[in-house]
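Chains as they are written, first to last, in this note's numbering: chain A, 5 to 340; chain B, -9 to 190. The structure appears right after this line, and notes come after that.
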Amino acid sequence: MRLYDLSFYEIEKFFYKLAELKDIINDTGLLSISPSIPQTLPAKGTVMAKHAFPIFQKGGVIMDVTNVTQAEIAENAGAVAVMVLDKLPYDVRKSGGVARMADPKIIEEVMSSITIPVMAKVRIGHYYEAKVLEALGVDMIDESEVLTPADEEHHINKWEFEVPFVNGARNLGEALRRIYEGASMIRTKGEAGTGNVSEAVKHMKIMNYEISTLISLPEEDRLKKAREYQVPYQLVELVVKLKRLPIVNFAAGGIATPADAALMMWLGSDGIFVGSGIFKSQDPDQRAKAVVLAAANWEDPEIVLEAQKMISENKSMMGIDIKTLKPEELLQVRGV
Amino acid sequence: MKVGVIAYQGSFEEHAIQLKRAMSKLNLTGEVIAVKKPKDVDLIDGVIIPGGESTTIGIIAEKLGVLDEIKAKINSGLPVLGTCAGAIMLAKDVSDAKVGKKSQPLIGTMDIQVVRNYYGRQRESFETDLDFHVIGGGKARVVFIRAPIIKRTWNDATALISFENGIVMAEQKNMLATTFHPELSESTIIHEYFLSKIKK
């Protein structure tokens, strides 16, 4: 169990300040869309409600699914949530063309057949795919580089939504910019659909290195870092106080085996996203159970071993060596 | 005193921090222990089942043999606090507001009926103020995330705190259940009350 010095409530007070900052910017007319802060009790869609949700996903595995059958396999295996997609990242890569949000009818079917949370992806900067999914009632939105970006310049202003968002990041600057835009959860970008965990490892290590560097910097250099990252200084200070990201950070991109999941937890992830790794393997039922067991018990190599024995390596997804991909085939570079 | 927190998944770190805050408020010296294996259960004087996904926690705890171990200990008087998913795990009767009855591994030691996802989905998650004078506290803000509700209690299980048309905190001998998240609150009143049950 990793412990921090600040309680959730103390972190939360900071996020309300960030939200107020957005209000002030809005009052000056710099933002065209105003965030709605509920005034009456009980209050829904508040900053607190949005940041609390991912905490209950910690230590868990979120699985990509494309239909009800896969969603039920995920739930029975002990997934903490499912992510509904039109195509798994591996197939997005193969098929080409524009990748968009999943069919709302399928998302709805999944929502009414399982009891765990249901998430779905929108294109980067696509406010209206997000509005549609919020209206549908999904539990969390992933503004994802796996789909074709709708806006090459900007991400969605997530303060405007009552549903929490998860965003990808490859380094501390990207993570903090997404948090400043209102993300409630961060995940490493990795290189989705490859079955190759190396990029997720790289991103998590960069994040850890940048946080430890930040902590050791004198105050004036931290101010410089805040400017470099294009975020308020207070956000940088919060990271220094916590010695970690102030919100939940999962690993994603290329996780295919129980040992991959345990490796990412060992590197400091709060939980795991598994995309193509499960339903592109030949043993999805067993593999889903094994990855759940390994993620929750990563501190114990004997249990991870037991999990690894539950699957068979010759049934793992084939995987793609990232070095064989052309620069234009990389998904992680979308949206910075 | 040694307090265990079931630490596979969910808000176990937040519970540990809140326990430490409550201990220092009460001037108690104690330790917080992550419970993951059956042998961890032997070490503890009380246990917390955190918020998270009850199906996930149940499946892993059953697989590793912790579920039966905890159940036996609770039946023989080990103080337990179950929050949200933890309340679901303690309940003898569980159903889902939309999907209905589903089979999942549970502890099932408390005479309460719990309905999962009672208020709806994450969109319907909310924060509100509750009055904790029944257990010696004041008003405190708490958060309900995809929260269940306690529909009814029987035998010697009693409702401690109600909100709108349901019970949000119940007690039965050594067992406490809340459908909200005291581990995310500024107030440590629930954890203080739980620690007082361990001391007895």
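Don't be surprised by glycine CBs; every beta carbon is placed ideally from N, CA and C. What you are looking at is a predicted structure, and each value in this text was computed from that prediction instead of being measured.
- Query: Distance, Cα to Cα, B/F122 vs A/P93?
  - Reply: As a working note, residue 122 of chain B is residue 132 in the second sequence. As a working note, residue 93 of chain A is residue 89 in the first sequence. Their backbone Cα atoms lie some 49 Å apart in a straight line.
- Message: Please confirm whether A/T119 has its beta-carbon closer than 8 Å to some beta-carbon of chain B.
- Response: Here the question's residue 119 of chain A lines up with position 115 in the first sequence. It does: the Cβ of A/T119 has a partner Cβ on chain B nearer than 8 Å.
- Which residues in chain A sit within 8 Å of B/V89, going by Cβ to Cβ distance? As a position in the second sequence, residue 89 of chain B is number 99, starting the count at 1. Those within 8 Å of B/V89 in chain A are S116, S117, I118 and T119.
- Message: Can you pull the chain A neighbours of B/H181, defined as C-beta to C-beta under 7 Å?
- Response: Position 191 of the second sequence holds residue 181 of chain B. By Cβ distance, chain A contributes nothing, its closest Cβ being about 11 Å from B/H181, past 7 Å.
- Closer than 8 Å, CB to CB, is B/F2 near chain A or not? Here residue 2 of chain B refers to the residue found at position 12 of the second sequence. Chain A contact via Cβ: present.
- Message: Beta-carbon within less than 8 Å of B/V(-7)'s beta-carbon, same chain only, minus the 5 sequence neighbours each way: which residues are those?
- Response: For the purposes of this step, residue -7 of chain B is taken as the residue at position 3 of the second sequence. Excluding positions up to five away in sequence, the list reads L9, G20, E21, V22, I23, I34, D35, G36, V37, I38, L185 and I188.
- Task: For chain A, find out if any of its Cβ atoms is closer than 8 Å to the Cβ of B/F170; answer yes or no.
- Result: For this step, residue 170 of chain B is matched to residue 180 along the second sequence. So, not an interface residue.
- Message: Can you pull the chain A neighbours of B/K92, defined as C-beta to C-beta under 7 Å?
- Response: Working through the second sequence from its first residue, we reach residue 92 of chain B at position 102. By Cβ distance, chain A contributes T119.
- Task: For chain B, find out if any of its Cβ atoms is closer than 8 Å to the Cβ of A/D264; answer yes or no.
- Result: Along the first sequence, one-based indexing puts residue 264 of chain A at 260. No, no contact with chain B.
- Consult DSSP for A/K62 and reduce its assignment to one of helix, strand or coil. Within the first sequence, numbered from 1, the residue matching residue 62 of chain A stands at position 58. Correct three-state label for A/K62: coil.
- Between B/V132 and B/E117, which are expected to be in contact by the criterion C-beta below 8 Å, what is the C-beta distance as a whole number of angstroms? In the second sequence, residue 132 of chain B corresponds to position 142, counting from 1. In the second sequence, residue 117 of chain B corresponds to position 127, counting from 1. Contact holds; Cβ gap of about 7 Å.
- Message: Against chain B, with Cβ distances strictly below 8 Å, would A/L242 count as a contact?
- Response: Translated into positions along the first sequence, residue 242 of chain A becomes position 238. By this cut-off, A/L242 is not an interface position.
- Query: Using the rule of at least 16 other Cβ atoms within 10 Å of the residue's Cβ for burial, across every protein chain shown, is B/W144 buried or exposed?
  - Reply: The residue labelled residue 144 of chain B in the question sits at position 154 within the second sequence. Exposed: under 16 other Cβ atoms inside 10 Å.
- List the DSSP bridge partners of B/I157. Taking the second sequence and counting its residues from 1, the one referred to as residue 157 of chain B is at position 167. Answer by DSSP bridge pairing, in chain order: B/I140 and B/S152.
- Determine which residues of the region 152 to 182 of chain A have a Cβ less than 8 Å from any Cβ of chain B, and write them out in chain order. E166, V167 and P168
- Query: Do you know offhand how far B/E52's Cα is from B/M79's?
  - Reply: What you label residue 52 of chain B is simply residue 62 of the second sequence in a count that begins at 1. What you label residue 79 of chain B is simply residue 89 of the second sequence in a count that begins at 1. Taking the straight line from one Cα to the other gives about 12 Å.
- Task: Starting from A/D146, follow its DSSP beta bridges and name the residues at the other end.
- Result: Residue numbering aside, residue 146 of chain A sits at position 142 when the first sequence is read from its first letter. According to DSSP, A/D146 bridges with A/K125 and A/V170.
- Range covered by the alpha helix (DSSP H) that runs through A/G177: Stepping through the first sequence from its first residue, residue 177 of chain A is reached at position 173. Segment L176 to Y184, the alpha helix (DSSP H) holding A/G177.
- Task: Starting from the Cα of A/M4, find the closest Cα among A/E223, A/P236 and A/G272 and give me that residue.
- Result: Residue 4 of chain A lies beyond the stretch modelled for chain A, which goes from 5 to 340, so this question has no answer here.
- Task: Entirely within the region 278 to 306 of chain A and at least 3 residues each: give me those beta strand (DSSP E) ranges in chain order.
- Result: none
- Message: Under 7 Å, CB to CB, which of the residues in the region 52 to 79 of chain A have a partner in chain B?
- Response: M52, A53, A56, F57, I59, F60, K62, G63, G64 and E79
- Item | Distance between B/A149 and A/T275 (C-alpha atoms, nearest Å) | Counting from 1 along the first sequence, the entry for residue 275 of chain A is found at position 271. Counting from 1 along the second sequence, the entry for residue 149 of chain B is found at position 159. First, the amino acid is wrong: residue 275 of chain A is Gly here, not Thr. Those two C-alpha atoms are separated by around 35 Å.
- Query: Should B/R111 be flagged as near chain A, meaning a C-beta pair shorter than 8 Å?
  - Reply: In the second sequence, residue 111 of chain B corresponds to position 121, counting from 1. Chain A contact via Cβ: present.
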